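Residue 0 is where the sequence shown starts when you use numbering that gives the first Met the number 0, and the numbers rise one by one after that. Glycine residues also receive a C-beta, built at the ideal position from the N, C-alpha and C atoms. The structure displayed is predicted, hence computed values, not measured ones. Working notes for the structure below.
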Amino acid sequence: MINIKKHLESITTDVSALLSEIVEELWNDLNPKNTDGTYSERSLIRCVEKYRLTLDDPEYIKLAGNAVVARQVTYMDYIANIDNLKNIITASPAQLDDVIAKANEILEPGDLLITLDEKIHKDSFGPNLLSQVFKYDNYRGSGHCTNRYRKLGFDKATCPYCNEATMKIVPKEDEEKFDQFMLFDIDHFYSKSAHPYLALSFYNHIPSCKACNQTYKGKNEFSFATHIHPYHRCFDTLYSFQLNHGVLRSDPPTTVKVTKKSDFEEKLLADLQIERRYRTNLEHARLSQLVKILSNYSHILRDGAENDDDRVRLKERLEDFGLIATQKHILSQCYSKLQRDTLAMFDPNNTLGLL
Numbered sequence: 000m001i002n003i004k005k006h007l008e009s010i011t012t013d014v015s016a017l018l019s020e021i022v023e024e025l026w027n028d029l030n031p032k033n034t035d036g037t038y039s040e041r042s043l044i045r046c047v048e049k050y051r052l053t054l055d056d057p058e059y060i061k062l063a064g065n066a067v068v069a070r071q072v073t074y075m076d077y078i079a080n081i082d083n084l085k086n087i088i089t090a091s092p093a094q095l096d097d098v099i100a101k102a103n104e105i106l107e108p109g110d111l112l113i114t115l116d117e118k119i120h121k122d123s124f125g126p127n128l129l130s131q132v133f134k135y136d137n138y139r140g141s142g143h144c145t146n147r148y149r150k151l152g153f154d155k156a157t158c159p160y161c162n163e164a165t166m167k168i169v170p171k172e173d174e175e176k177f178d179q180f181m182l183f184d185i186d187h188f189y190s191k192s193a194h195p196y197l198a199l200s201f202y203n204h205i206p207s208c209k210a211c212n213q214t215y216k217g218k219n220e221f222s223f224a225t226h227i228h229p230y231h232r233c234f235d236t237l238y239s240f241q242l243n244h245g246v247l248r249s250d251p252p253t254t255v256k257v258t259k260k261s262d263f264e265e266k267l268l269a270d271l272q273i274e275r276r277y278r279t280n281l282e283h284a285r286l287s288q289l290v291k292i293l294s295n296y297s298h299i300l301r302d303g304a305e306n307d308d309d310r311v312r313l314k315e316r317l318e319d320f321g322l323i324a325t326q327k328h329i330l331s332q333c334y335s336k337l338q339r340d341t342l343a344m345f346d347p348n349n350t351l352g353l354l
């Protein structure tokens, strides 16, 4: 619900430096070195080189066809260049389209899959890029992946897409080792099945709840131009939640709608069905309690506080309620954007200075 960079302001005073450090650590973790300084056999760089050699197999060439394999070889040779490979892993949100464009410049649409008898062949290029080169499953289960999202504050956060589900990292101990579990998904903003070369790209990874990633997004294709990318744009600045206007007359909250605050045309709101989901969450968000507090003090917000004591008293009530007072902390609590937007309905001039 806020730009993840804004969320990171609650962790550090230098967000750019933190993200640069995180991205560089990812590259290094994906490419461990031996004691002599050479790249390990399990490094991404070596995986590229090893998979490239399999494309010379005569049986594979016979299966896929000379022209197709030639394009695949060209692409593998392209990413075998360390600078090109690193650019794929570290590309910014706006640069992900450039990575895709380069792949599309070399490969043709049918080059990722081999279909025989209406079934995808096990030796298809795209799936093998995922299983043999850009090994996302290995990464997702690694300790450095978990540590990365702990550094980013997602051990105590909510889903950046919806702000309705908690995201936690919890320990699990057994006799052999100490493990940590990320109790949330990592959404591939650009689908890893359609773009397997982006499977390990940092800015293609959006920490998200299972409902957003699996239930609602599913197979919907997202893109930088058509959907809010949480490392680039901010739902909170693009949209606001509006309760039924009767709440301003002390009526109970019965419905909520989402209104646009910008000209950016995007599909995330519809694809994730945010408005419909929130209509069923007014009780979970404790909106009745919040509206009651604000209604009892509406004269302060409407006419202005006669003295500072009135303003302080209302702020104390809102603090006791648990209202998030700063935008950068929105992800720290479920439904905090909805609650802040409710306050904005009662306090459009930000009399309390909490918006």
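Assigned secondary structure, residue i (DSSP; H/G/I helix, E/B strand, else coil)
i, result
"F183", "coil"
"P206", "strand"
"I105", "helix"
"L300", "helix"
"L129", "helix"
"Y38", "strand"
"S115", "For the record, residue 115 in the displayed sequence is Leu; it is not Ser. It is a strand residue."
"D178", "strand"
"K218", "coil"
"K32", "strand"
"Y189", "coil"
"N349", "coil"
"R276", "helix"
The alpha helix (DSSP H) enclosing residue i, as first and last residue numbers
i, result
"E172", "Counting along the chain, E172 falls outside any alpha helix (DSSP H), though it belongs to the beta strand (DSSP E) covering 165-172."
"F320", "307-320"
"E53", "Checking the sequence shown, residue 53 turns out to be Thr, not Glu. Segment 43-53, the alpha helix (DSSP H) holding T53."
"D419", "Beyond the ends of the chain as shown, which are 0 and 354, falls residue 419; an answer cannot be given."
"L7", "3-7"
"K266", "No alpha helix (DSSP H) holds K266; DSSP gives it neither H nor E."
"F345", "335-345"
"L84", "81-89"
Burial state of residue i (16 or more Cβ within 10 Å)
i, result
"F153", "buried"
"F201", "buried"
"F234", "buried"
"Q288", "exposed"
"I113", "buried"
"R147", "buried"
"N162", "buried"
"K216", "buried"
"R275", "exposed"
Reference residue i, options the options, closest by Cα
i, options, result
"T236", "P252, D262, I60, Y215", "D262"
"M166", "N203, R149, K216", "R149"
"T279", "L300, H187, T157, Y334", "Y334"
"D82", "T253, R310, W26, F320", "W26"
"Q358", "L286, D270, T254, K32", "Beyond the ends of the chain as shown, which are 0 and 354, falls residue 358; an answer cannot be given."
"L52", "L247, A324, Y74, V311", "Y74"
"R316", "Q179, S294, K336, Q326", "S294"
"P206", "Y230, Y196, Y215, G245", "Y230"
"S91", "S19, P31, C158", "S19"
Continuous beta strand (DSSP E) stretch holding residue i: start and end
i, result
"S239", "238-242"
"A284", "Neither: A284 is in no beta strand (DSSP E) and is coded neither H nor E."
"V257", "255-259"
"T157", "155-157"
Notebook entry, point to check: Is the stretch 98-106 touching the stretch 224-236 in the sense that three or more CB pairs, one from each, lie closer than 8 Å?
Noted result: no
Margin query: Across the stretch 34-50 and the stretch 128-136, are there enough close Cβ pairs to call them in contact, namely three or more that are closer than 8 Å?
Written below: yes
Margin query: Assess contact between the stretch 186-194 and the stretch 289-303, defined as three or more Cβ pairs (one per stretch) separated by less than 8 Å. Is contact present?
Written below: no
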